[in-house]
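Working notes for the structure below.
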Amino acid sequence: MDDFVCTLKAGAVTRVRFTDMKGLSEHLSSISSALFVADENSSYAIPENLSDRCLVLSSGEEHKNYDSLFKIIRKALGLKLSRSSRFVGVGGGVVSDMTAFASSVYMRGAKLTIVPSTLLSMVDASLGGKSAIDFDGVKNLVGTFYPADDVIIVPALLKTLPEGEFLSGLGEVIKHAFLTKDKSLYHFLLENKDGIMARDEETLGKMVELSLKVKKEYIEKDPEEKLGIRSALNLGHTFAHALESITNYEVKHGIAVAWGLEMALAMGVEMAVTPADLKESADGLLSLYGYDTSLRIEKDKVPIFRSYKEKDKKRDSSGVQFITLSGWGRYVKVVPDDNLIAKLVAKV
Ligand SMILES: NC(=O)c1ccc[n+]([C@@H]2O[C@H](COP(=O)([O-])OP(=O)(O)OC[C@H]3O[C@@H](n4cnc5c(N)ncnc54)[C@H](O)[C@@H]3O)[C@@H](O)[C@H]2O)c1
19 MDDFVCTLKA
29 GAVTRVRFTD
39 MKGLSEHLSS
49 ISSALFVADE
59 NSSYAIPENL
69 SDRCLVLSSG
79 EEHKNYDSLF
89 KIIRKALGLK
99 LSRSSRFVGV
109 GGGVVSDMTA
119 FASSVYMRGA
129 KLTIVPSTLL
139 SMVDASLGGK
149 SAIDFDGVKN
159 LVGTFYPADD
169 VIIVPALLKT
179 LPEGEFLSGL
189 GEVIKHAFLT
199 KDKSLYHFLL
209 ENKDGIMARD
219 EETLGKMVEL
229 SLKVKKEYIE
239 KDPEEKLGIR
249 SALNLGHTFA
259 HALESITNYE
269 VKHGIAVAWG
279 LEMALAMGVE
289 MAVTPADLKE
299 SADGLLSLYG
309 YDTSLRIEKD
319 KVPIFRSYKE
329 KDKKRDSSGV
339 QFITLSGWGR
349 YVKVVPDDNL
359 IAKLVAKV
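Throughout, this note's numbering is defined as the position within the sequence shown, counted from one, plus 18.
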């Protein structure tokens, strides 16, 4: 595992470092003026001697709200933190998004470290600077772009992660494997299933590094998602968001993304954009890791599926744009017609 840096804009550099539990403990203990934010499942990663500077929030997306944000800011104020102090988010994407948001607005911007503790937050939420809370039922409605200068990856933290959360993160990793012309991540996933599923630290560290480097390729070219490049990372997400909504979020995000990847490539093949052998490579990898790509929606639910799809952010005047691939790492935006979507997602 090699440390690396990601440059988002002049003066905003994220240093990504890999370490073990001992290294993490030493690093956190060395920060002189800091607030540590975790949730009840990730707080074990913070050394006990730092407990008076630690805020432990309730876990879950339902707590990604202004109540939690205010708790973070009040705790920072109670600790008399200044702009030169550091907010350290130790947790999954919910904790890191909220800690980043609080850090971005506290005294107009304090320092930020993210220690992601889920696979999804290691390969996705930790890098790229998006911070947010949900508001009035709308996910990530209120937020900022505020990259951490420091991201610490500790693969050992994944040992305690429930299997469903692990597979959810792995869905995003598989998506990244097809978003790059360099097939290293794809081959790594094909060849290291046993080590990955056994959560071997070294293997996971390498996988996270390869996956993060794919995200880095896109966000460095389009840090604030204004050029249409970074949005390629949304491959599979329009299908995924509709599936998550229709199942009332019972299907976890990354598992919905894995299904969405399959749907997006099937759509590309139908539209004569995606080569069939690329879709076959994705089918093979998804089934190797046990993702159910055969899932289809009851016919009478397709109109509801369409309405959720319409609510998705990726819309222009011609309709809802979907991302698909015309080759390894070559993304294309398409606007499929509703009959094609129904044909792909509905049970026959
Ligand atoms: N900022 C971004 O670019 C970005 C990207 C993707 C997702 N997100 C956000 O991330 C969130 C989803 O992240 P997530 O999947 O990590 O969810 P999460 O933070 O809710 O974590 C999932 C569950 O795992 C638990 N957990 C965390 N670390 C653990 C550990 N080491 N051992 C055992 N349990 C642990 C949590 O308490 C929680 O119950 C969403 O709010 C999403 O909007 C942000």
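Each residue gets a CB set at the ideal place from its N, CA and C atoms; glycine is no exception. These figures come from a predicted structure and were not determined experimentally.
- The beta carbon of D168 sits no closer than 6 Å to any heavy atom of ligand 1.
- A direct Cα-to-Cα measurement between G182 and K270 gives close to 8 Å.
- In this structure, T221 places its C-beta atom within 7 Å of the C-beta atom of N210.
- Pairing A63 with L175 gives a Cβ-Cβ distance under 7 Å.
- Counting C-beta pairs closer than 8 Å gives fewer than three between the stretch 272–279 and the stretch 289–297, which falls short of the contact rule.
- For V366, the number of other beta carbons within 10 angstroms of its own is below 16, and it is reported as exposed.
- The nearest non-hydrogen atom of ligand 1 is less than 6 Å from the C-beta of G146.
- Nearest neighbour of I237 by Cα position, chosen from L203, H194, H255, turns out to be H194.
- As for any alpha helix (DSSP H) of minimum length 4 sitting wholly inside the stretch 104–151, the runs are 111–123, ordered along the chain.
- The Cβ-Cβ distance between L253 and S186 does not fall below 7 Å.
- Going by beta carbons, L251 and L228 fall outside the 7 Å limit.
- D356: member of the alpha helix (DSSP H) spanning 356–363, first to last residue.
- The Cβ neighbour count for T178, taken over all protein chains shown within 10 Å, is under 16; the residue is labelled exposed.
- Taking the Cα positions, R217 is about 13 Å away from L207.
- By the neighbour-count definition (other C-beta atoms within 10 Å, threshold 16), D355 is an exposed residue.
- Of the residues E58, I192, I170, K224, the one whose Cα lies closest to the Cα of L46 is I170.
- Distance from the C-beta of G111 to the nearest heavy atom of ligand 1 is below 6 Å.
- When rounded, the separation of the alpha-carbon atoms in I49 and V113 is 19 Å.
- Using a C-beta cut-off of 8 Å, the stretch 27–44 makes no contact with the stretch 86–95, since fewer than three inter-stretch Cβ pairs fall below that distance.
- DSSP places V275 within a helical segment (H, G or I) once states are collapsed to three.
- Secondary structure note for A300: its alpha helix (DSSP H) is the uninterrupted segment 294–306.
- Counting along the chain, K40 sits inside the alpha helix (DSSP H) bounded by residues 39–47.
- Going by beta carbons, K233 and L304 fall outside the 7 Å limit.
- Looking at the DSSP output, Y349 bridges to L343.
- Rounded to the nearest angstrom, the gap between the Cα atoms of M116 and I132 is 11 Å.
- When only Cα atoms are considered, S86 and G111 end up about 14 Å apart.
- Residue state for L313 is assigned as coil, using DSSP reduced to three classes.
- Rounded to whole angstroms, the separation of the alpha carbons of T342 and S249 is 11 Å.
- Between the alpha carbons of S122 and T162 lies a distance of about 7 Å.
- Assignment of K89 by DSSP, reduced to helix, strand and coil, places it in the helix class.
- For S76, the shortest separation between its Cβ and any heavy atom of ligand 1 does not lie below 6 Å.
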